[in-house]
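Working notes for the structure below.
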Amino acid sequence: MVRHTSAIETKLIHAGEPRIGGAVAMPIFQSSTYLNQGDTGYHDLRYIRLNNTPNHLALHEKLAALENAEAALVTASGMAAISTALLTVLSCGDHLLAQNCLYGGTHDFITKDLPKLGIAVDFIDGDDPASWPAQLRPGTKAIYVETLSNPLLQIADLKAVVAFAGERGLVSMIDNTFASPINFRPSEWGFDLTLHSCTKYLNGHDDLVAGAVIGRADLVEGIKHKLDHLGGALDPHACFLLHRGIKTLAVRMRYQSDTAMKLASFLEQHPSVKSVNYPGLENHPAHQRASELLDGYSAMLSFEVKGEATAAQKLLERLTLPIVAPSLGGVETLITRPAITSHAGLSPAERQRLGIADGLIRVSVGIENTGDLIADFEQALRP
Ligand SMILES: *Cc1c(COP(=O)(O)O)cnc(C)c1O
Numbered sequence: 096m097v098r099h100t101s102a103i104e105t106k107l108i109h110a111g112e113p114r115i116g117g118a119v120a121m122p123i124f125q126s127s128t129y130l131n132q133g134d135t136g137y138h139d140l141r142y143i144r145l146n147n148t149p150n151h152l153a154l155h156e157k158l159a160a161l162e163n164a165e166a167a168l169v170t171a172s173g174m175a176a177i178s179t180a181l182l183t184v185l186s187c188g189d190h191l192l193a194q195n196c197l198y199g200g201t202h203d204f205i206t207k208d209l210p211k212l213g214i215a216v217d218f219i220d221g222d223d224p225a226s227w228p229a230q231l232r233p234g235t236k237a238i239y240v241e242t243l244s245n246p247l248l249q250i251a252d253l254k255a256v257v258a259f260a261g262e263r264g265l266v267s268m269i270d271n272t273f274a275s276p277i278n279f280r281p282s283e284w285g286f287d288l289t290l291h292s293c294t295k296y297l298n299g300h301d302d303l304v305a306g307a308v309i310g311r312a313d314l315v316e317g318i319k320h321k322l323d324h325l326g327g328a329l330d331p332h333a334c335f336l337l338h339r340g341i342k343t344l345a346v347r348m349r350y351q352s353d354t355a356m357k358l359a360s361f362l363e364q365h366p367s368v369k370s371v372n373y374p375g376l377e378n379h380p381a382h383q384r385a386s387e388l389l390d391g392y393s394a395m396l397s398f399e400v401k402g403e404a405t406a407a408q409k410l411l412e413r414l415t416l417p418i419v420a421p422s423l424g425g426v427e428t429l430i431t432r433p434a435i436t437s438h439a440g441l442s443p444a445e446r447q448r449l450g451i452a453d454g455l456i457r458v459s460v461g462i463e464n465t466g467d468l469i470a471d472f473e474q475a476l477r478p
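Residue numbering for the sequence shown follows my numbering, beginning at 96 and increasing consecutively.
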């Protein structure tokens, strides 16, 4: 089995490939149930909802190998991975420490759904580890962060998160969607659990919804049992598409990151642009930390134009290549204004506190030609 010894590009292609019947590409096993071969426990019966068809098992093996982790589990969406993992780690009476700038769906789940189950949540400043001990409670069980925040691309003190969790016996959890295993492998830094929306970079083609949990085998097994009951299993056809998409992750991510760096540098020097948020730029507050922790600066960036919301809207209308649509991580360049999409649910005051201006534009850089993309921004920014 190709595992910890190969480089990630090789593992993307070869890890966890069963080559069943000699098939070079993983076939779709479109069968809900399987011949009983002496399976005993409920969770071992072979059935799509129990997340153990050949399509599931091959993905589990590949995803665990990519992050050099013990185990992995695919789920029906990123939110299925996140909610099922949190519901496994936390029980009634427990308390969660969560970073104060999480993905909207996660934020809503932990603030609206978890309290109804008797699970309390407090938010931490990811940059200020000295403030965390005062927020502990007797029932604190886990600490939850994201590798790169949306849409400002901030990076918490991730080494401090792992150290703090270790000292206090907490489960450390990280949503690694924006970085992908190419740029960050949380298990290598001591995180217990990684969450992914595979809808984004791992699949990379804007054509499915899927999620993954990667990490410590004992925790992943517990999460699988919970998922077996909650029912958020990934369909075999979606498993197949995800499996196919993953193989090109390295070439996509590196090209996209390279273009993102060039686009960020172009925007930074443009007279109509007020500011650019990209961790690859030296003046980004997280630049030092990104350089230490990440293998690449990834392909998400955001920026503000002079003239606020009106100018931002005009720019979106003038661009011809980027598609105005939510989501990210695919081969097409996607562009949004967080104030009227991902962060529209927040009050203007809350957005201001988080630094999300009405004129802020977020770009998920795709794999179009770098020069074509920059030229498109150039013409759209012309006065
Ligand atoms: C999209 C996203 C999610 C949710 O994933 P779905 O696949 O849409 O359920 C979670 N976290 C981050 C960082 C995301 O970008």
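Beta carbons: idealized from backbone N, C-alpha and C, even for Gly. The structure displayed is predicted, hence computed values, not measured ones.
#1: Would you call P366 buried or exposed, if buried means 16 or more other Cβ atoms sit within 10 Å of its Cβ?
#2: Using 7 Å as the threshold, is the C-beta distance between A180 and A167 below it?
#3: Below 8 Å, how does it come out for the segment 264-284 and the segment 226-242: are there three or more Cβ pairs, yes or no?
#4: For F398, which of helix, strand or coil comes out of DSSP?
#5: Could you tell me if the beta carbon of T242 falls within a distance shorter than 6 Å of some heavy atom in ligand 1?
#6: How about T294: is its Cβ closer than 6 Å to a heavy atom in ligand 1?
#7: Who are H291's beta bridge partners in DSSP?
#8: So, G234 versus G188, is the Cβ gap smaller than 7 Å?
#9: Check whether the segment 274-290 and the segment 338-356 touch, using three or more Cβ-Cβ pairs below 8 Å as the test.
#10: N338 by DSSP, collapsed to three states: which one?
#11: Provide the residue span of the beta strand (DSSP E) that contains S226, from first to last.
#12: Within the continuous alpha helix (DSSP H) that includes F259, where are the two ends?
#13: Going straight from the alpha carbon of Y373 to that of L243, what length do you get?
#14: Would you check if there are 3 or more beta carbon pairs closer than 8 Å linking the segment 350-365 to the segment 466-474?
#15: Per DSSP, which residues does T242 bridge with? Please list them.
#16: Classify P443 as buried or exposed, calling it buried when 16 or more other Cβ atoms lie within 10 Å of its own Cβ.
#17: So for Y142, helix, strand or coil by DSSP?
#18: From the DSSP output, which residues share a beta bridge with N372?
#19: In whole angstroms, give me the CA-to-CA distance for G136 and L145.
#20: Cα-Cα, which of E156, A118 and L182 is closest to L325?
#21: Who pairs with M121 in a beta bridge, going by DSSP?
#22: For L449, name the three-state secondary structure that DSSP assigns.
#23: Quick check: what's the CA-CA separation for S393 versus V458?
#24: Whose C-alpha, out of E104, A171 and L140, is nearest the C-alpha of D330?
#25: Are there any heavy atoms of ligand 1 lying less than 6 Å away from the beta-carbon of Y198, as far as the coordinates show?
#26: Helix, strand or coil: which one does DSSP assign to H300?
#27: When you compare only the Cα positions, how much space is there between A211 and F204?
#28: Select from A404, R263, A176 and A118 the residue whose C-alpha is nearest the C-alpha of A229.
#29: With distances taken between CB atoms, is the gap from A164 to L290 smaller than 7 Å?
#30: Select from M395, L410 and E399 the residue whose C-alpha is nearest the C-alpha of V426.
Looking at the coordinates:
#1: Looking up residue 366 in the sequence shown gives position 271. By the C-beta density criterion, P366 is exposed, having fewer than 16 other C-beta atoms within 10 angstroms.
#2: Within the sequence shown, residue 180 is the residue found at index 85, counting from 1. Within the sequence shown, residue 167 is the residue found at index 72, counting from 1. Cβ atoms of A180 and A167: not closer than 7 Å.
#3: Yes: the two stretches touch, three or more of their Cβ pairs being nearer than 8 Å.
#4: What you label residue 398 is simply residue 303 of the sequence shown in a count that begins at 1. Note: F398 maps to strand in three-state DSSP.
#5: The count along the sequence shown starts at 1 and reaches residue 242 at position 147. Not so, every heavy atom of ligand 1 lies at least 6 Å from the Cβ.
#6: As a position in the sequence shown, residue 294 is number 199, starting the count at 1. Yes, the Cβ of T294 comes within 6 Å of a heavy atom of ligand 1.
#7: As a working mapping, residue 291 is identified with position 196 in the sequence shown. Answer by DSSP bridge pairing, in chain order: A307.
#8: As a working note, residue 234 is residue 139 in the sequence shown. As a working note, residue 188 is residue 93 in the sequence shown. Contact: yes.
#9: Here the segment 274-290 makes contact with the segment 338-356; the two share three or more CB pairs at distances below 8 Å.
#10: Residue numbering aside, residue 338 sits at position 243 when the sequence shown is read from its first letter. The sequence as given places His at residue 338; Asn does not occur at that position. Helix, per DSSP.
#11: The residue labelled residue 226 in the question sits at position 131 within the sequence shown. Going by DSSP, S226 is part of no beta strand (DSSP E) at all; its letter is neither H nor E.
#12: Working through the sequence shown from its first residue, we reach residue 259 at position 164. Unbroken alpha helix (DSSP H) run through F259: L253 to R263.
#13: As a working mapping, residue 373 is identified with position 278 in the sequence shown. As a working mapping, residue 243 is identified with position 148 in the sequence shown. Looking at the backbone, the Cα of Y373 and that of L243 are separated by about 10 Å.
#14: Counting Cβ pairs under 8 Å, three or more are found: they touch.
#15: For the purposes of this step, residue 242 is taken as the residue at position 147 of the sequence shown. In the DSSP assignment, T242 is bridged to no other residue.
#16: Reading the sequence shown from its first residue, position 348 is the one you call residue 443. The residue is exposed, with fewer than 16 neighbouring Cβ atoms inside 10 Å.
#17: The residue labelled residue 142 in the question sits at position 47 within the sequence shown. DSSP places Y142 in the strand class (E or B) of the three-state scheme.
#18: Reading the sequence shown from its first residue, position 277 is the one you call residue 372. BP columns for N372 point to S397.
#19: Locating residue 136 in the sequence shown gives position 41, counting from the first residue. Locating residue 145 in the sequence shown gives position 50, counting from the first residue. Answer to the nearest angstrom: the Cα atoms are 11 Å apart.
#20: Counted from its first residue, the sequence shown places residue 325 at position 230. Of the listed residues, the one whose Cα sits closest to L325 is L182.
#21: The residue you call residue 121 lines up with position 26 of the sequence shown. According to DSSP, M121 bridges with nothing at all.
#22: Residue numbering aside, residue 449 sits at position 354 when the sequence shown is read from its first letter. Reduced to three states, the DSSP call for L449 is helix.
#23: As a first step, residue 393 must be located in the sequence shown, where it is residue number 298. As a first step, residue 458 must be located in the sequence shown, where it is residue number 363. Their Cα atoms are separated by approximately 12 Å.
#24: To locate residue 330, count along the sequence shown from 1; it is residue 235. Scanning E104, A171 and L140 for the CA closest to the CA of D330 turns up A171.
#25: Along the sequence shown, read from residue 1 onward, the residue named residue 198 stands at position 103. Answer for Y198: yes, Cβ within range of ligand 1.
#26: Residue numbering aside, residue 300 sits at position 205 when the sequence shown is read from its first letter. Correct three-state label for H300: coil.
#27: Within the sequence shown, numbered from 1, the residue matching residue 211 stands at position 116. Within the sequence shown, numbered from 1, the residue matching residue 204 stands at position 109. It is Lys, not Ala, that sits at residue 211 in the sequence shown. Spanning the two alpha carbons is a distance of roughly 10 Å.
#28: Here residue 229 refers to the residue found at position 134 when the sequence shown is read from its first residue. Closest option to A229, Cα to Cα, is R263.
#29: Position 69 of the sequence shown, counting from 1, holds the residue named residue 164. Position 195 of the sequence shown, counting from 1, holds the residue named residue 290. No, the pair does not count as a contact, with Cβ atoms beyond the cut-off.
#30: Counting from one through the sequence shown, the residue named residue 426 turns up at place 331. When only C-alpha atoms are compared, the closest one is M395.
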